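Sequential numbering from 1 applies to the sequence shown in the numbering used here. To start, the structure itself, in structure tokens.
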Amino acid sequence: AATAFLIDSLPGAINEALPLPVDNILPFMDPLKLLLKTLGISVEHLVEGLRKCVNELGPEASEAVKKLL
């Protein structure tokens, strides 16, 4: 939301000169990933663990987890 505000407030010529969305340029702005990294927790490790759990639980539990995410 903040990056969208910044991009929308730029003059048109500058805005058109930016080839990529700011979200792709500044991936470290994700507060959850930043917090996890600060705590020394690997996001990839969490995702891998979640996938393993969902695979073992079966389709009904899998749907419940998808709704939570």
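Even for Gly, the Cβ is constructed at its ideal location relative to N, Cα and C. Model, not experiment: these values are computed from the prediction.
What are the boundary residues of the alpha helix (DSSP H) that residue i is part of?
i          : result
residue 49 : 43-57
For residue i, does the three-state DSSP call read helix, strand or coil?
i          : result
residue 39 : coil
residue 13 : Confidence at residue 13 is low in this model, with a pLDDT of 47, below 50, so the placement of that residue should be treated as unreliable; the coordinate-derived value is given next. Residue state, collapsed to three classes: helix.
residue 66 : helix
Against chain C, with Cβ distances strictly below 7 Å, would residue i count as a contact?
i          : result
residue 48 : In the structure shown, chain C does not exist; there is a single protein chain.
Can you list, in chain order, the residues of its chain whose CB lies under 6 Å from that of residue i, leaving out five sequence neighbours each side?
i          : result
residue 62 : 54
Apart from the five residues on each side of it in sequence, which residues of its chain come closer than 7 Å, Cβ to Cβ, to residue i?
i          : result
residue 33 : 43
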